Amino acid sequence: MALKITELCINCDVCEPVCPNLAISQGIEIYEIDPALCTECVGHFDVPQCRAICPVDCIPNDLDHVETQEQLMAKYRHLVGKE
Ligand code: SF4
Ligand code: SF4
Numbered sequence: 309m310a311l312k313i314t315e316l317c318i319n320c321d322v323c324e325p326v327c328p329n330l331a332i333s334q335g336i337e338i339y340e341i342d343p344a345l346c347t348e349c350v351g352h353f354d355v356p357q358c359r360a361i362c363p364v365d366c367i368p369n370d371l372d373h374v375e376t377q378e379q380l381m382a383k384y385r386h387l388v389g390k391e
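Taking this note's numbering, the leading residue of the sequence shown gets 309, the next gets one more, and so forth.
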């Protein structure tokens, strides 16, 4: 599933550049993750890079966008143009 950024975000700017899918952007108040672009880093890394680097642990799973590993891999392949 995609991940999401909660209101605990302190706008520290470190997650945006580590996302391999360019899924993270500055929102009106805090950073946001586009669920259409987030693959939970499947296809690129073993663990979600944004969650690994976030200093305040404010990036939980987005339960509104539940996906299987197979769906995440399919999304990755679509995003990188492999299918
Ligand atoms: Fe980007 Fe990976 Fe975080 Fe999703 S889990 S927003 S793909 S860094
Ligand atoms: Fe917000 Fe965490 Fe990203 Fe920093 S790393 S901008 S606190 S979500």
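All residues carry an ideal CB built from backbone N, CA and C; glycine is no exception. No experiment lies behind these values; they were computed from the predicted model shown.
Nearest neighbour of residue i, chosen from the options [CA to CA]
| i | options | result |
| --- | --- | --- |
| Q334 | T347, C349, P328 and C317 | C317 |
| V388 | D354, V322 and P328 | P328 |
| N319 | H352, E340 and A310 | E340 |
| V350 | L330, H373, A360 and L380 | L380 |
| A331 | V322, D321, I338 and T347 | T347 |
| V374 | P325, A344 and E324 | A344 |
| C366 | I338, K383, A382 and R385 | I338 |
For residue i, the residue or residues it bridges with in DSSP
| i | result |
| --- | --- |
| N369 | L311 |
| Y339 | Q334 |
Per-residue DSSP class, three states only, for residue i
| i | result |
| --- | --- |
| V355 | coil |
| A344 | coil |
| I446 | This structure leaves residue 446 out entirely; the chain is present only between 309 and 391. |
| P328 | coil |
| E378 | helix |
| K390 | coil |
Residue i classed as buried or exposed, judged by whether at least 16 other C-beta atoms fall within 10 angstroms
| i | result |
| --- | --- |
| I336 | exposed |
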